[in-house]
Amino acid sequence: MKVYQSLLDLIGHTPILEVHGFDLGGSHLFLKLEHMNPGGSIKDRIGVGLIAAAEARGAIRPPGLLVEATAGNTGIALALAALRKGYSLLLIVPDKMSSEKIAQLRAMGAEIRITRSDVPRGHPEHYQDLAERIAHERGGYYVNQFANPDNPRVHERETGPEIWEQMGGELDVIVLGAGTTGTLTGVGRYLKRQNPKIEVVLADPLGSVLAGYLKTGQLTEKGRWLVEGIGEDHIPPICDLRLVDRAYTIPDHESFAAIRQLLKNTGLLAGTSTGTLLAAALRYAREASAPKRILTLACDTGTRYLSKAFNPDWLYEQGLTPRRNYGDLRDCVSHHYAQGEVASAAPTDSLEIAYRRMRQGEYSQLPVLDGGRLVGLLTEVDLMMALADPARGALCPVRDSLGRAAPELDSQAPLESLIRLLTAEPAVAIRHAQAFYGLATRTDVITHFRRAAETAGSPT
Numbered sequence: 059m060k061v062y063q064s065l066l067d068l069i070g071h072t073p074i075l076e077v078h079g080f081d082l083g084g085s086h087l088f089l090k091l092e093h094m095n096p097g098g099s100i101k102d103r104i105g106v107g108l109i110a111a112a113e114a115r116g117a118i119r120p121p122g123l124l125v126e127a128t129a130g131n132t133g134i135a136l137a138l139a140a141l142r143k144g145y146s147l148l149l150i151v152p153d154k155m156s157s158e159k160i161a162q163l164r165a166m167g168a169e170i171r172i173t174r175s176d177v178p179r180g181h182p183e184h185y186q187d188l189a190e191r192i193a194h195e196r197g198g199y200y201v202n203q204f205a206n207p208d209n210p211r212v213h214e215r216e217t218g219p220e221i222w223e224q225m226g227g228e229l230d231v232i233v234l235g236a237g238t239t240g241t242l243t244g245v246g247r248y249l250k251r252q253n254p255k256i257e258v259v260l261a262d263p264l265g266s267v268l269a270g271y272l273k274t275g276q277l278t279e280k281g282r283w284l285v286e287g288i289g290e291d292h293i294p295p296i297c298d299l300r301l302v303d304r305a306y307t308i309p310d311h312e313s314f315a316a317i318r319q320l321l322k323n324t325g326l327l328a329g330t331s332t333g334t335l336l337a338a339a340l341r342y343a344r345e346a347s348a349p350k351r352i353l354t355l356a357c358d359t360g361t362r363y364l365s366k367a368f369n370p371d372w373l374y375e376q377g378l379t380p381r382r383n384y385g386d387l388r389d390c391v392s393h394h395y396a397q398g399e400v401a402s403a404a405p406t407d408s409l410e411i412a413y414r415r416m417r418q419g420e421y422s423q424l425p426v427l428d429g430g431r432l433v434g435l436l437t438e439v440d441l442m443m444a445l446a447d448p449a450r451g452a453l454c455p456v457r458d459s460l461g462r463a464a465p466e467l468d469s470q471a472p473l474e475s476l477i478r479l480l481t482a483e484p485a486v487a488i489r490h491a492q493a494f495y496g497l498a499t500r501t502d503v504i505t506h507f508r509r510a511a512e513t514a515g516s517p518t
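Taking this note's numbering, I'd label the letters of the sequence shown as residues 59 to 518.
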């Protein structure tokens, strides 16, 4: 067995898995498992490659400052290289990035600046514009993966040849996403050189401008999408869309459903962009007039999206999963007691136990239930006052620390009544058929209005 001396030496040569369990119409679908790179994504390849190329040109040397705009994975790849080579690292990230990525980057020693994701390229708070400006102000090296020609060169030199060799040249279609477009351009160039008949398919999130530009030649206004790491509001300078034979626009709900189905079918926990690529590959397979050998990528690990893509509450809040519409106040309750979704405390539980449950679920209040009957609502204020009282403390039972009774409404009460109560209360208990149904919070009501607007096709 070969023993490696650096984590960076483990980058690349990721395996390919044939995927089963999907309706492919006779085609074969393969996934190149880029999440098995040491940093957890395909971006490890350019994280090391871009730094090595800049060093070879004499543009940087340790202990210099690296600055980059990233949706997270390139940042993690750069952090790996920075740790190994002795650079400091400042990353500008959009505010839609998952908390897991931000936590990992900070743990790796990167300085993080979070900026807006709702502004176009050219706006001073756009993450790329902000990164370029900060690099100039602080005398750092702006890596600039979006315009750096070494980005596609890395994939043309490494990723493309790997795919060709592993597939034994037997490949009809490759489905790729595009953020910087480095993978699309580099891999596409190499494979087209080997066999011009290989189809390059672009998988683009709904809201991105790339697929629309391919179809119409016009740049449309950027929309909003939740998938991370792919999709763009402009055409990056390194992009070569002439390589693309077909493009699919994939809405978020299809992408998120695809990765959850991939997990069920294969046990593979992949990230959100993989869902977009997989959904496009499935569309292509179902439309194909003859069986094809189709390859796409597991771009990054799904462990970075546990709080989002694999979190039922988050998916519901974003309107990505269906839920029965009752037409009453039950629609404003996100956690249903009868379905075991409500974290609660018993009157005899200690404040310490209640506190731990509140912290674990990031709740501001906890219903107190005695045999399924609501007896009160323990709030952060109740907890704070009890712990501040020397006569009580953390082992005091919850029943001795409840404030006034929780406000309650029947599920058939008007929505206006709930809104009126929530202007003064953190939560309202909803009863249905004389039984406790769940809590409605301000966030729940906001989510209800957002979902209703999206269903009606209105802007939110």
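From the three backbone atoms N, C-alpha and C, an ideal C-beta is built for every residue, glycine too.
Which stretch, first to last residue, makes up the alpha helix (DSSP H) that contains residue i?
i, result
"residue 345", "330-345"
"residue 324", "310-324"
"residue 274", "268-274"
"residue 173", "Unbroken run through residue 173 is the beta strand (DSSP E), 169-173; no alpha helix (DSSP H)."
"residue 409", "409-419"
"residue 106", "102-115"
"residue 212", "208-212"
"residue 245", "240-252"
"residue 221", "218-224"
Cβ atoms of residue j and residue i: under 8 Å apart, would you say?
i, j, result
"residue 17", "residue 233", "This structure cannot speak to residue 17, because the chain is shown only from 59 to 518."
"residue 285", "residue 201", "no"
"residue 456", "residue 403", "yes"
"residue 296", "residue 217", "no"
"residue 327", "residue 100", "no"
"residue 494", "residue 427", "yes"
"residue 388", "residue 288", "no"
"residue 66", "residue 106", "yes"
"residue 151", "residue 117", "no"
"residue 440", "residue 450", "no"
"residue 245", "residue 272", "no"
"residue 353", "residue 242", "no"
"residue 444", "residue 408", "no"
"residue 496", "residue 421", "no"
"residue 134", "residue 209", "no"
"residue 148", "residue 171", "yes"
"residue 294", "residue 248", "no"
Using DSSP bridges, identify the partner residues of residue i.
i, result
"residue 65", "Residue 65 is not bridged to any residue."
"residue 52", "Residue numbering for the chain in the displayed model covers 59 to 518; residue 52 lies beyond these limits and cannot be assessed."
"residue 488", "467, 496"
"residue 147", "124"
"residue 354", "89"
"residue 195", "For residue 195, which the question treats as bridged, DSSP gives no partner whatsoever."
"residue 177", "Beta-bridge pairing links residue 177 to no other residue."
"residue 134", "According to DSSP, residue 134 bridges with nothing at all."
"residue 359", "328"
Can you say whether residue i is buried or exposed, counting buried as having 16 or more other CB atoms within 10 angstroms of its CB?
i, result
"residue 253", "exposed"
"residue 425", "buried"
"residue 518", "Note that residue 518 scores a pLDDT of 39, beneath 50, so its modelled location is shaky; the value from the coordinates is reported in the next line. Looking at its Cβ environment, which holds fewer than 16 other Cβ atoms inside 10 Å, residue 518 is exposed."
"residue 214", "buried"
"residue 108", "buried"
"residue 504", "exposed"
"residue 391", "buried"
"residue 64", "exposed"
"residue 88", "buried"
"residue 157", "exposed"
"residue 516", "Because residue 516 carries a pLDDT of 43, less than 50, the predicted location of this residue cannot be relied on, and no value is offered for it."
"residue 62", "exposed"
"residue 277", "exposed"
"residue 290", "buried"
"residue 60", "exposed"
"residue 419", "exposed"
"residue 325", "exposed"
"residue 131", "buried"
"residue 313", "buried"
"residue 120", "exposed"
"residue 461", "exposed"
"residue 71", "exposed"
"residue 416", "buried"
"residue 256", "buried"
"residue 323", "exposed"
"residue 78", "exposed"
Measuring only from the beta carbon, is residue i closer than 7 Å to any heavy atom that is part of the ligand GDP?
i, result
"residue 108", "Looking at this structure, you won't find the ligand GDP or any other ligand, since it has none at all."
Tell me the residue span of the beta strand (DSSP E) that contains residue i.
i, result
"residue 262", "257-263"
Taking one C-beta from the stretch 92-112 and one from the stretch 344-358 each time, how about it: are there three or more such pairs within less than 8 Å? yes
Contact between the stretch 458-475 and the stretch 369-387 is defined here as three or more beta-carbon pairs at a separation below 8 Å; is this criterion met? yes
Okay, do the stretch 307-314 and the stretch 334-353 touch, 3+ Cβ pairs below 8 Å being the bar? yes
Between the stretch 193-208 and the stretch 359-373, do three or more beta carbon pairs fall short of 8 Å? A contact is defined here as three or more CB-CB pairs under 8 Å, and the stretch 193-208 fails this definition with respect to the stretch 359-373.
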